[in-house]
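Residues 1 to 106 in UniProt numbering are what the sequence shown lists, from first letter to last.
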Amino acid sequence: MNDLYNQADAVLAKPGGVTVSECLYKKVPILVYHALPGQEEINLLHLLHQQLIVYVKDWAKETMDKQIMLLWNDTVMDRMTVQMNEYGRKISDLRSTLCHILKLQQ
1 MNDLYNQADA VLAKPGGVTV SECLYKKVPI LVYHALPGQE EINLLHLLHQ QLIVYVKDWA
61 KETMDKQIML LWNDTVMDRM TVQMNEYGRK ISDLRSTLCH ILKLQQ
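1) By how many angstroms is the C-alpha of Leu-48 removed from the C-alpha of Gln-105?
2) Is the Cβ-Cβ distance between Thr-81 and Lys-27 less than 8 Å?
3) Which residue's Cα is closest to the Cα of Lys-90: Gly-17, Tyr-5, Met-1, Tyr-25?
4) CB Leu-36 to CB Lys-14, shorter than 8 Å?
5) Can you name the start and end residues of the alpha helix (DSSP H) that Tyr-5 belongs to?
6) With 16 other CB atoms within 10 Å as the buried threshold, where does Cys-99 fall?
7) Between Gln-50, Lys-57, Thr-75, which lies nearest to Glu-86 when the distance is taken from Cα to Cα?
8) Going by the CB atoms, is the gap between Val-54 and Val-20 shorter than 8 Å?
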């Protein structure tokens, strides 16, 4: 998978924990087309709140032109890259991350 992520311009996927973690680590833009009830929905909401993904909720209904424009929109991809870098910086600070987790538990 590492080689595939290195070659990818973006990933179209569901918001599963492993896929999302790998994409965030590799800084590969993520386009989410569907989320299963439960953990994937929770992941989707968190990723949307952090502006780390593009959610294409009506993927099957979109026209091919619109899909291609979304995939290659530099503004969208640049914003996602900036957000991924910022998110990575935040979670790489172990002390802050642990404090944040403890706050969530209260």
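Glycine included, each C-beta is placed from N, C-alpha and C at the ideal position.
Result, derived from the coordinates:
1) Here the C-alpha atom of Gln-105 lies approximately 21 Å from the C-alpha atom of Leu-48.
2) In contact: Thr-81 and Lys-27 (Cβ atoms closer than 8 Å).
3) Taking Lys-90 as reference, the option from Gly-17, Tyr-5, Met-1, Tyr-25 with the minimal CA-CA separation is Tyr-25.
4) yes
5) 2-7
6) Exposed is the label assigned to Cys-99, since fewer than 16 other Cβ atoms lie within 10 Å of its Cβ.
7) Closest option to Glu-86, Cα to Cα, is Gln-50.
8) Their beta carbons are not under 8 Å apart, which means Val-20 does not touch Val-54 by this criterion.
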